[in-house]
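In the working numbering, the protein residues as written are 1 to 385.
Read through the structure below, which is laid out as structure tokens, and then see the notes.
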């Protein structure tokens with residue numbers, strides 16, 4: 001089955017400064033049975049994240065989805081294509097479906113799908129969004145939380161759907177048995193991620209714990225310089241033991257996860273999924289989490305959940321974990337085992353439970369959508385494990 005994977009504009013599918021969407025696509029494609037038949041469409045960039053066919057297009061301004069759709073139609077005619085998967089953008093997916101009516105299009109979402117408006121005249125836009133969604137051959141949701149939200153907000157859209165989460169090739173992860181007394185926080189430099197509150201809690205904690213250090217890894221710091229500066233200011237009393245990093249390669253982030261004793265995911269909004277929590281468990285850190293949205297789907301009982309997202313609550317959770325090494329090790333082990341069972345990207349499970357891999361779920365759904373487009377009975381797809 002020949003598949004086109006379409007990344008949003010400004011995404012380059014490159015090893016440097018890769019976004020969570022690009023990392024996710026690289027893992028889905030890399031572990032798929034259809035890897036050798038997949039072409040990733042991305043803007044011009046450096047070495048690709050994974051060794052697959054990549055079609056590079058030149059950077060473009062916003063509002064050119066029709067150009068994208070036409071180029072994909074030309075490439076489909078030249079290469080042949082059975083299925084198109086469009087990442088994240090409803091309007092682009094619908095335009096591509098309109099210009100390629102003989103090829104089914106799946107919208108792959110990494111966030112909550114746009115909510116239906118409830119007040120006039122914004123309710124008129126609901127008709128447009130609903131029309132766009134109905135053009136699609138199917139939709140994947142990143143978590144059970146986002147699947148439920150989509151079903152509640154768009155009951156009139158009855159297209160095939162499946163939960164396809166982030167996943168990892170855990171063979172690439174090497175958690176260290178002996179952990180550094182290091183607290184790790186990774187996230188975008190935006191208020192809803194709770195990084196300022198994490199910095200405030202860490203600063204208070206480090207003032208009383210001279211044997212601990214911290215590393216905060218910010219992405220997109222340049223887009224919110226005032227917020228990034230506020231984080232830096234909060235850490236200033238302990239700057240010699242609290243490192244602020246930005247724009248580092250993903251391999252370095254993974255290395256930090258593999259040696260940090262504690263990781264914090266302090267999101268203030270309902271996380272659609274929460275890849276940073278998955279990374280923390282994969283690396284073997286004990287996790288402190290806000291538990292919002294899809295975060296509890298990842299961690300289950302294998303995290304310390306914050307009573308609220310503020311500096312004092314984060315300081316309190318850090319004091320609990322720092323004082324109890326047995327608890328840290330227990331949470332780290334159970335979290336690592338959980339994600340390796342539920343979120344492995346491909347291959348058999350090490351558990352006695354027969355949980356399909358992430359790529360197996362996606363491949364099955366793709367086959368189902370293509371079969372439906374040819375008039376064959378659709379295959380039933382379940383939700384998240």
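By construction, the Cβ of each residue, glycine as well, lies at the ideal position given by its N, Cα and C atoms.
If you're wondering where the values come from, they're calculated on a predicted model, not measured in any experiment.
Quick check: the Cα distance between residue i and residue j, rounded to an integer number of angstroms?
i           : j           : result
residue 68  : residue 183 : 43 Å
residue 174 : residue 227 : 33 Å
residue 116 : residue 153 : 6 Å
residue 324 : residue 250 : 30 Å
residue 223 : residue 189 : 8 Å
residue 382 : residue 164 : Note that residue 382 has pLDDT 48, beneath the 50 cutoff, so the model's placement of it is unreliable and the number below is only indicative. Cα-Cα distance, rounded: 10 Å.
residue 355 : residue 340 : 11 Å
residue 335 : residue 124 : 45 Å
residue 242 : residue 131 : 50 Å
residue 59  : residue 134 : 29 Å
residue 26  : residue 50  : 6 Å
residue 291 : residue 282 : 17 Å
residue 14  : residue 219 : 15 Å
residue 261 : residue 322 : 9 Å
residue 247 : residue 120 : 42 Å
residue 172 : residue 329 : 21 Å
residue 380 : residue 105 : Only weak support is given to the placement of residue 380: the predicted model assigns it a pLDDT of 48, under 50, and the value that follows is read from those uncertain coordinates. So the alpha carbons of these two residues sit roughly 18 Å apart.
residue 33  : residue 118 : 42 Å
residue 75  : residue 176 : 46 Å
residue 56  : residue 95  : 20 Å
residue 365 : residue 180 : 41 Å
residue 314 : residue 90  : 37 Å
residue 99  : residue 79  : 16 Å
residue 20  : residue 279 : 11 Å
residue 137 : residue 110 : 18 Å
residue 296 : residue 142 : 13 Å
Just list the residues that DSSP pairs residue i with in beta bridges.
i           : result
residue 128 : None, per the DSSP bridge assignment.
residue 243 : 215
residue 305 : 289
residue 180 : 260
residue 188 : 219
residue 83  : 3
Quick one: residues in its chain with C-beta nearer than 6 Å to the C-beta of residue i, no 5 flanking neighbours on either side, listed in chain order?
i           : result
residue 12  : 42, 43 and 45
residue 140 : 108, 162 and 164
residue 268 : 192, 194 and 309
residue 245 : 217
residue 384 : For residue 384, the predicted model reports a pLDDT of 43, less than 50, meaning its position is unreliable; a value from the coordinates is still stated below. Hits under 6 Å: 144 and 163.
residue 346 : 31, 357 and 359
residue 302 : 331, 334, 335 and 338
Output needed for residue i: all residues of its chain with C-beta closer than 7 Å, excluding positions within five of it in sequence on either side, in chain order.
i          : result
residue 22 : 7, 11, 13 and 49
Next on the checklist: Below 8 Å, how does it come out for the region 311-319 and the region 359-379: are there three or more Cβ pairs, yes or no?
Outcome noted: no
Next on the checklist: Under 8 Å: do the region 231-244 and the region 277-294 share three or more Cβ pairs, one atom per stretch?
Outcome noted: no
Item to check | Stretch-stretch touch, CB-based, cutoff 8 Å, three pairs: the region 2-10 with the region 79-95 | outcome: By the Cβ rule, the region 2-10 counts as touching the region 79-95, because three or more pairs are nearer than 8 Å.
Checklist entry - In chain order, which beta strand (DSSP E) runs of at least 3 residues are fully inside the region 89-151? => result 105-108 and 138-141
Item to check | beta strand (DSSP E) runs contained entirely in the region 226-275, provided each spans 3 or more residues | outcome: For the region 226-275, the full-length beta strand (DSSP E) segments reaching 3 residues or more read 242-246 and 260-265 along the chain.
Checklist entry - So, do the region 21-37 and the region 354-369 have three or more beta carbon pairs nearer to each other than 8 Å? => result yes
Item to check | Every unbroken beta strand (DSSP E) within the region 10-60, with a cutoff of 3 residues, ordered by chain | outcome: The beta strand (DSSP E) runs lying completely inside the region 10-60 and spanning 3 residues or more are 38-43 and 53-57, given in chain order.
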